[in-house]
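In UniProt numbering, the protein residues as written are 1 to 341.
Yeah, the Cβ is synthetic: ideal placement off N, Cα and C, and Gly gets one too.
To start, the structure itself, in structure tokens.
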């Protein structure tokens with residue numbers, strides 16, 4: 001059996017939008033993305049707002065139906081399964097939502113919220129479910145008497161813990177963490193991250209961790225994928241990507257990360273991208289980043305680059321094509337390939 005718990009192959013998600021007199025058009029939210037997640041691994045996903053990170057996570061879980069492509073979970077392509085056949089996989093594929101309040105039913109007590117998934121999937125008898133709820137409350141650091149309270153009686157960090165407990169109720173193998181800490185205070189963020197890491201070590205769960213906090217993604221992730229306008233532009237080991245990003249967009253994105261050391265921050269070069277992010281309704285032809293890339297070439301506007309294997313990394317950029325790498329010596333682009341931001 002493959003060591004990959006999840007394999008995404010050429011996944012696309014397009015949304016139809018009504019443009020009035022102009023008729024129907026498509027929002028290209030996710031376009032031809034491929035990657036894999038190993039068992040017990042955390043795959044971090046970073047990129048600007050609106051690049052399709054959350055849409056990708058929801059499409060993998062079939063919250064959104066994929067337009068095309070494959071979603072192979074534990075050796076089974078689940079992208080086209082019927083609702084009935086998909087039900088067993090719902091138990092193994094779960095999600096931690098970004099908003100720890102909107103994702104909880106305000107009319108349910110904490111005990112009912114955590115127990116509900118087990119009722120839907122016919123897990124255990126009633127007595128065992130109550131015991132399981134108490135176990136999960138203890139796992140996420142909540143008190144036994146919290147079981148009778150309602151979501152509005154808790155802080156944001158506590159509500160996110162309730163959401164995590166609900167996610168764990170079905171004993172999943174893979175969890176999409178959709179910016180689970182973005183709405184929390186910094187001190188609470190660390191607690192939630194430590195909780196997720198402890199659960200992973202104990203249960204061997206795989207995570208797709210979506211976030212804007214680049215430092216946090218580096219801390220929790222084994223590998224990182226960088227997204228831009230619905231495309232995956234770079235994939236690599238966490239430390240490698242942060243230490244020496246290869247794709248021009250990755251370099252610009254990571255150069256914007258705040259550094260707590262003022263001396264280091266002053267000495268670091270900030271890469272400022274010109275122009276606006278193109279509309280996903282009318283994406284540019286060729287490489288999606290070429291309209292803002294300082295190293296764009298003529299071929300970048302004509303064709304979409306393949307994903308090239310470079311130094312144990314995958315990079316979707318013509319700068320790393322075999323032909324260009326043979327010609328690059330002596331060119332001005334050399335610092336981009338070897339230097340650090």
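{"Asked": "CA nearest to the CA of residue 298, picked from 209, 285, 309, 307", "Found": "285"}
{"Asked": "Collapsed DSSP secondary structure at residue 238 in the structure displayed", "Found": "helix"}
{"Asked": "CA-to-CA distance, residue 294 to residue 71, given in whole angstroms", "Found": "34 Å"}
{"Asked": "Neighbourhood of residue 134 by C-beta, 8 Å cutoff - its chain only, sequence neighbours within 5 removed", "Found": "144, 147"}
{"Asked": "Per DSSP, cross-strand counterpart(s) of residue 231", "Found": "228"}
{"Asked": "Candidates 6, 185, 119, 39, of which the one nearest residue 204 by Cα", "Found": "39"}
{"Asked": "Residue 80 - DSSP class collapsed to helix/strand/coil", "Found": "coil"}
{"Asked": "Local Cβ density within 10 Å of residue 353, reported as buried at 16 or more and exposed below that", "Found": "The shown model of the chain, from 1 to 341, leaves out residue 353, and the question about it has no answer."}
{"Asked": "Test item: CB-CB of residue 232 and residue 127 under 9 Å", "Found": "no"}
{"Asked": "Rounded separation between residue 68 and residue 309 - CA only", "Found": "24 Å"}
{"Asked": "Residue 336 (DSSP reduced to helix, strand or coil)", "Found": "Confidence at residue 336 is low in this model, with a pLDDT of 47, below 50, so the placement of that residue should be treated as unreliable; the coordinate-derived value is given next. If DSSP states are grouped into helix, strand and coil, residue 336 belongs with the helices."}
{"Asked": "Secondary structure of residue 42, DSSP reduced to three states", "Found": "strand"}
{"Asked": "Three-state class that DSSP yields for residue 66 in the structure shown", "Found": "coil"}
{"Asked": "Residues near residue 121 by beta carbon distance below 8 Å, same chain, minus five either side", "Found": "87, 90, 91, 170"}
{"Asked": "Residues of its chain near residue 63, where Cβ-Cβ distance is below 8 Å and the 5 sequence neighbours each way are ignored", "Found": "95"}
{"Asked": "Reference residue 280; option with closest CA among 3, 4, 248, 17", "Found": "17"}
{"Asked": "With 16 other Cβ atoms within 10 Å as the buried cut-off, status of residue 125", "Found": "exposed"}
{"Asked": "Residue 30, DSSP secondary structure in three states", "Found": "strand"}
{"Asked": "Residue 215 and residue 258 closer than 9 Å at C-beta", "Found": "yes"}
{"Asked": "Straight-line Cα distance separating residue 247 from residue 270", "Found": "15 Å"}
{"Asked": "Selected residue, minimal CA-CA separation from residue 110, among 151, 93, 7", "Found": "151"}
{"Asked": "Close beta carbons around residue 182, own chain, < 8 Å, minus the five adjacent residues each side", "Found": "98, 211, 212, 213"}
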